[in-house]
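>
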């Protein structure tokens, strides 16, 4: 494949992600801090989101495949590039600086800005850390659970969740719903359908860990 072609595809993807974040800032009914903006982009169905109808926005959950940490880093990149800025909060429910799109950000959103935003270093994760014995056993059992769920619903296993998500679960070992949903690749639907089963397996393995100290 032509190297220039794939570079152009990646560049277009980076621009699309950037524009989604910028557009989100323009369609919010009021200014929000980075944390709540990220929750909109990831599609977190919190009481706050429902009360203020944030779940009705075009950009709600559009970037649900990104982790909170990834989106936080991307927002910092956009701030450094001058496409967004932080300002002191003007809303009662925010006690931290809020995000605003800048004039340069509006120009970028309209496709009239030549600025190139590089975010792939934040997105790409091609390193696979070594698992310890407990994590390997947990990974195998979760793969078995995923297979059983897939067979029951006549789905390919990767539709339930992919191996990268399983590995992340094994490393983080979330023991409750709030921790589980913070894992990259885990969304509300996954937690609703499979959360209890996965947490049962995880907690069983976490309980086997030796107590240090």
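Residue numbers (my numbering): 77 to 289. The beta carbon of each residue, even a glycine, is placed where N, CA and C say it ideally should be.
Measure the C-alpha to C-alpha separation of residue 165 and residue 172 and round it to an integer number of angstroms.
For the purposes of this step, residue 165 is taken as residue 89 along the chain shown, with counting starting at 1. For the purposes of this step, residue 172 is taken as residue 96 along the chain shown, with counting starting at 1. Answer to the nearest angstrom: the Cα atoms are 6 Å apart.
> Pull up the distance between the alpha-carbon of residue 177 and that of residue 113, whole angstroms please.
Numbered from its first residue, the chain shown carries residue 177 at position 101. Numbered from its first residue, the chain shown carries residue 113 at position 37. Approximately 12 Å between the Cα atoms of the pair.
> Let's see if you can read the secondary structure: which residues bound the beta strand (DSSP E) around residue 175?
Along the chain shown, one-based indexing puts residue 175 at 99. Unbroken beta strand (DSSP E) run through residue 175: 174 to 177.
> So, helix, strand or coil for residue 230, using DSSP?
Taking the first residue of the chain shown as position 1, residue 230 is located at position 154. DSSP places residue 230 in coil when its eight states are reduced to three.
> Which residues bound the alpha helix (DSSP H) around residue 128?
The count along the chain shown starts at 1 and reaches residue 128 at position 52. That residue, residue 128, is in no alpha helix (DSSP H); it is neither H nor E in DSSP.
> Starting from the C-beta of residue 233, find all residues in its chain whose C-beta is less than 7 Å away, skip the five residues before and the five after it, and write them out in chain order.
Here the question's residue 233 lines up with position 157 in the chain shown. The residues are 222, 223, 226.
> Buried or exposed for residue 146, please, with buried defined as at least 16 other CB atoms from any protein chain shown within 10 angstroms of its CB.
The residue given as residue 146 occupies position 70 in the chain shown. Counting Cβ neighbours within 10 Å, residue 146 comes out buried, since at least 16 surround it.
> Report the option in 236, 242, 157, 88 whose CA atom is closest to the CA atom of residue 269.
Residue mapping note: residue 269 aligns to position 193 of the chain shown, counting from 1. Looking at the Cα atoms, 236 is the closest of the given residues.
> Within the same chain, show all residues whose beta-carbon is closer than 8 Å to that of residue 87, passing over the 5 residues directly before and after it, in chain order.
Locating residue 87 in the chain shown gives position 11, where the first residue counts as 1. Around residue 87: 192.
> Buried or exposed for residue 286, please, with buried defined as at least 16 other CB atoms from any protein chain shown within 10 angstroms of its CB.
For this step, residue 286 is matched to residue 210 along the chain shown. Residue placement at residue 286 is poorly supported in this model, since its pLDDT is 39, which falls under 50; the coordinates are not used for a value here.
> CA-CA distance, residue 244 and residue 129?
Counted from its first residue, the chain shown places residue 244 at position 168. Counted from its first residue, the chain shown places residue 129 at position 53. When rounded, the distance between both Cα atoms is 31 Å.
> Can you give me the start and stop residues for the beta strand (DSSP E) that residue 188 sits inside?
As a first step, residue 188 must be located in the chain shown, where it is residue number 112. It is not in any beta strand (DSSP E) - residue 188 carries neither H nor E in the DSSP assignment.
> Check whether the Cβ atoms of residue 96 and residue 120 lie closer than 8 Å to each other.
Residue 96 sits at position 20 when you count from the first residue of the chain shown. Residue 120 sits at position 44 when you count from the first residue of the chain shown. Their beta carbons are not under 8 Å apart, which means residue 96 does not touch residue 120 by this criterion.
> Just to confirm the assignment, what range does the beta strand (DSSP E) spanning residue 160 have?
Residue mapping note: residue 160 aligns to position 84 of the chain shown, counting from 1. Run containing residue 160: 160 to 163, per the beta strand (DSSP E) assignment.
> Which runs of the alpha helix (DSSP H) spanning at least 4 residues fall entirely within the region 211 to 259, listed in chain order?
233 to 236, 239 to 248, 253 to 257, all fully within the region 211 to 259.
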